[in-house]
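Peer 1: Sending over a structure as C-alpha cells; questions will come in a sec.
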Amino acid sequence: MYFVTLFMAILMANIVKSSAVYARQNETILACAEEAPSPDFLQLSKLLQASNSTSLTRRQSQQDFNFNIFAHVVYYDKTARGGYVEETDIKKAIEAMNRNFDGSGISFTLVSVSYTENQDWATYRDVDAMKDDLREGSYADLNLYYISSIAEDRGQITTSGRCSMPVTFSSNGKPVDITTRKDIVVSEEYLVGDGCVIVARAVNGDTVTHEVGHWLGLLHTWKSDCSDDGDMIDDTAPQESPTWRCSSVTDQFSDGTPANYACGGWRESNMYNFMDYSDCTSTFSAGQKKRMAYWAEYREILGSRGPTHHSSRPAAAASAPAPAPEAPPEPPSDANEGNTQRLRWFKRSIFEQEGGYDLCMGLAYFKMSGSSSLSADHVDRACGTEIFCKIIEWDWQGLGPQTMRDRLGFASHHECIAGHEAEP
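Here it is, written out as C-alpha cells:
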C-alpha cells in the first residue's frame, strides 16, 4: 500500500460528494477465509515490494502463464445447497475469470470436472482425505473443490472460499531463491493441501477470481491496523475495512475518482479491486498483476520439479458424466402462510436463487435512505426477520456500532430483532 503524497494532500482539499451508485446485481463476492500467510511468505513479499532485482522478476515481462484447472464437485445432494454445480456453470465461471485476468499474462484452462457424493467432504469435514483422494497434477496445476459449506459459516452467511497461499522456503531466517537452489521441491503434503475450496452457491467468475488471487500470492486490500504493512502492494491504497457495497462509497475526489477515508487521510477507494469485498469489482492493479506474475513463475518452476499427485480413484469414476440435478425447491404458494414458513424458504433459497441476497439487502438501503416505504411487513415477506437482521449485521458491521445505530436504528441482529414488530 502507498502512503499519502503531496499530490494526494492537495486532492484531499477537493473531495466532493456524489450520489452515483455503482451496482451489479450478479456475481456478488460474499466473504472468503483468507489463509494466514506464513512469516516466510510475508518476508518475501516485503522484499518483492522493495526490490525488482530478483531473477524471477527480471524475466516476467517476457512470459505468459497458463494453468490447468482440475475441478472437483463434492456434494451430498444434487442442489446448490448440497454442493452440486453443473459443469456448464464451472465453465462459465472460468471463462469469466479469464476475462478478469486479461492483461495480466495469466490464463487458465479447464481440463476436467469430477463428481463425488460424500456428505462429510461436502460439509468441510475430513478435507485432507478429500484432497488426497481427488487431487490431480503438479504444484503448477490449480485444483478447485466445489462443496456445500465451509467451517467459517456465520449464521446464514456462508464463507465463499478458502485458497492456499504459495508455499515458501527459508534458510537461516532468509527467503530462498528457488531459481538458484535446484534442490528445492514441494513436499507431497504441501502439494496435496494446495488448491481452492469454493462454496457451490458462489460459483461465479468474481468469486473464483478473488480466491485464485490468493493462490497467486495476493492478500486482501484492507488491514484494520494502519501500522501494518497492509497487502504489500504499492499501488493499492490503505484501507481499514472491506468496501462491501459500492453504493455506500459516496465520496469522490474532484476528478470523480471514488474516495475512502482510511488511516488518517482520504485515499482512492479499492472498491473496484478484485481483492476487496464489493459488488462492483472489475480490476487488478498493475502492482498486483506484477506480483501474481512472480508467484505464477514460482509455481511453474516448482511444478516442473515434481512431485505430481493423481486421484486414487479409477479414471472412469473421475471423469464420469455429471448427474442430472434435482429440481430446486418450490417457494410457499401462499405469501401469507406465516413468517416461520417464509423464513424456512428463505434459508434454503437465499443463495440458490439469483438476486435473493440483493433483494433482502435492498430493504436495508431503503431503510438507510429514510424511505417511508419500508415496513416491518416488507421485511417479513421478503426475508424473514431473523435472516434480514443477521445479514444487515454482517454486511454493515464495518461501519461501527454507533454509525449503525444512527443510520439503521440498531447495531446488532439482536437489537434489530428486538425492535421489529410485525404489522397486522
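Counting with mature numbering (1 follows the signal peptide of the UniProt record, and there is no 0), you get residues -20 to -1, 1 to 404 for the letters of the sequence shown. Just so it is clear, CB atoms sit at the ideal spot from N, CA and C, and this is done for glycine as well.
Between the Cα of A60 and those of Q382, S18, A239, N184, spot the shortest distance and give me the residue it belongs to.
Peer 2: Comparing Cα positions, the closest option is N184.
Peer 1: Could you work out which residue in L28, I397, E395 is closest to D209 when comparing CA atoms only?
Peer 2: The shortest Cα separation from D209 among L28, I397, E395 belongs to L28.
Peer 1: Could you tell me which whole alpha helix (DSSP H) segments of length 4 or greater appear in the stretch 85 to 132?
Peer 2: Listed in chain order, the complete alpha helix (DSSP H) runs (minimum 4 residues) inside the stretch 85 to 132 are 99 to 102, 107 to 114.
Peer 1: Considering Cα atoms alone, identify which of I70, S227, E220 is closest to N123.
Peer 2: Out of I70, S227, E220, I70 has the C-alpha closest to the C-alpha of N123.
Peer 1: Measure the CB-CB distance between M272 and S84 and report whether it falls below 8 Å.
Peer 2: Yes, they are a contact pair.
Peer 1: Helix, strand or coil for E332 per DSSP?
Peer 2: In this prediction, E332 scores a pLDDT of 38, lower than 50, which makes its location untrustworthy; no coordinate-derived value is stated.
Peer 1: Within this structure, are the beta carbons of R105 and V172 separated by less than 8 Å?
Peer 2: Not closer than 8 Å, so no.
Peer 1: With a threshold of 8 Å, are at least 3 pairs of Cβ atoms found where one atom belongs to the stretch 87 to 102 and the other to the stretch 63 to 79?
Peer 2: With a cut-off of 8 Å, the stretch 63 to 79 and the stretch 87 to 102 count as touching, because enough Cβ pairs lie within range.
Peer 1: Starting from N184, follow its DSSP beta bridges and name the residues at the other end.
Peer 2: In DSSP, N184 forms no bridge with anything.
Peer 1: Distance, Cα to Cα, G92 vs A391?
Peer 2: Reading off the sequence, residue 92 comes out as Ser, not Gly. So the alpha carbons of these two residues sit roughly 46 Å apart.
Peer 1: Which residue or residues does DSSP assign as beta-bridge partners of residue 423?
Peer 2: Outside the shown range of the chain (-20 to 404) lies residue 423, about which nothing can therefore be said.
Peer 1: Can you give me the start and stop residues for the alpha helix (DSSP H) that I74 sits inside?
Peer 2: Where I74 is concerned, the enclosing alpha helix (DSSP H) stretches over 67 to 80.
Peer 1: Measuring from the CB of K154, is there a heavy atom of the ligand ADP at a distance below 7 Å?
Peer 2: The ligand ADP is absent from the structure shown, which contains no ligand whatsoever.
Peer 1: Give the C-beta separation of G153 and D214 to the nearest angstrom, bearing in mind that I take them to be a contact with Cβ-Cβ under 8 Å.
Peer 2: Incorrect: roughly 25 Å between the Cβ atoms, too far for contact.
Peer 1: Take the Cβ of R161 as the centre, count every other Cβ of all protein chains shown within 10 Å, and call the residue buried at 16 or more, exposed below.
Peer 2: That one is exposed.
Peer 1: So, with DSSP's three-state summary, where would you put F254?
Peer 2: If DSSP states are grouped into helix, strand and coil, F254 belongs with coil.
Peer 1: For the candidate residues H200, R225, T230, Y95, whose alpha-carbon lies nearest to that of Q219?
Peer 2: Comparing Cα positions, the closest option is H200.
Peer 1: Please name the residue in L282, V179, E248, S94 whose C-alpha comes closest to that of S234.
Peer 2: It is E248.
Peer 1: Looking at the strands, I want to know which residues DSSP matches up with G245.
Peer 2: G245 pairs with A242.
Peer 1: What's the call for C206, buried or exposed, on a 16-neighbour Cβ count within 10 Å?
Peer 2: Under this definition C206 is an exposed residue.
Peer 1: Given a cut-off of 8 Å, decide if Y125 and I178 are closer than it, judged by their beta-carbon atoms.
Peer 2: Result yes, Cβ atoms of I178 and Y125 sit closer than 8 Å.
Peer 1: Pull up the distance between the alpha-carbon of E97 and that of C143, whole angstroms please.
Peer 2: Approximately 22 Å, taken between the alpha carbons.
Peer 1: Report the residue from G389, M145, N240 whose alpha carbon sits nearest the alpha carbon of L24.
Peer 2: Per the Cα distances, M145.
Peer 1: Distance, Cα to Cα, F47 vs T237?
Peer 2: Their backbone Cα atoms lie some 34 Å apart in a straight line.
Peer 1: Among W101, S262, F50, whose alpha-carbon lies nearest the alpha-carbon of residue 407?
Peer 2: In the structure as shown, the chain begins at -20 and stops at 404. Residue 407 is therefore absent and cannot be evaluated.
Peer 1: Classify K26 as buried or exposed, calling it buried when 16 or more other Cβ atoms lie within 10 Å of its own Cβ.
Peer 2: That one is exposed.
Peer 1: Tell me the DSSP secondary structure of C143 in three-state form.
Peer 2: It is a strand residue.
Peer 1: For A109, count neighbouring Cβ atoms within 10 angstroms of its own Cβ and tell me buried if that reaches 16, exposed if not.
Peer 2: Per the 10 Å Cβ criterion, exposed.
Peer 1: What's the C-alpha gap between D112 and C243?
Peer 2: Computed Cα separation, rounded: 43 Å.
Peer 1: Suppose you measure from the CA of T103 to the CA of A131; what does that come to, to the nearest Å?
Peer 2: The alpha-carbon atoms of T103 and A131 are separated by roughly 8 Å.
Peer 1: Let's see if you can read the secondary structure: which residues bound the alpha helix (DSSP H) around Y170?
Peer 2: Run containing Y170: 168 to 173, per the alpha helix (DSSP H) assignment.
Peer 1: What separation, rounded to the nearest whole angstrom, lies between the Cα atoms of P287 and F21?
Peer 2: Going from the Cα of P287 to the Cα of F21 covers about 21 Å.
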